[in-house]
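Here full-length UniProt numbering is used: the first residue of the sequence shown is 1, the next is one more, and so on.
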Amino acid sequence: MVGTIDNAQTSLTEQMEQIETDIHRISNKLNNDGFMSKAPAAFVEKERDKLTALKKEQAKVKAQLSAADK
1 MVGTIDNAQT SLTEQMEQIE TDIHRISNKL NNDGFMSKAP AAFVEKERDK
51 LTALKKEQAK VKAQLSAADK
């Protein structure tokens with residue numbers, strides 16, 4: 001049972017790291033004036049939507065990690 005919990009926690013930690021990497025990448029893109037001036041508005045909106053979804057997912061995984069620590 002302990003191994004299963006450790007595996008789940010490791011998986012959640014890896015998922016959190018990937019989410020944080022993606023958030024950082026998209027945030028950098030959206031904060032880049034060159035990107036923002038050249039990218040089509042629809043693409044920028046799509047990236048903003050991705051960022052919002054990633055932040056929601058980040059909160060969900062963070063809650064799962066907190067619950068697993070208890």
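Note that CB positions come from ideal geometry on N, CA and C, so glycine has one too.
Segment limits, alpha helix (DSSP H) that includes residue i
i     : result
Ala41 : Ala41 to Asp69
Straight-line Cα distance separating residue j from residue i
i     : j     : result
Ile19 : Ala68 : 18 Å
Lys38 : Gln15 : 32 Å
Neighbourhood of residue i by C-beta distance below 7 Å, restricted to the same chain and skipping five residues each side
i     : result
Lys29 : Phe35 and Glu47
Minimum Cβ-Cβ distance from residue i to chain C less than 8 Å
i     : result
Ala41 : As a matter of chain content, chain C is missing from the structure shown, which is built from one protein chain.
Same chain, Cβ closer than 8 Å to residue i, five either side skipped, listed in chain order
i     : result
Lys62 : Met16
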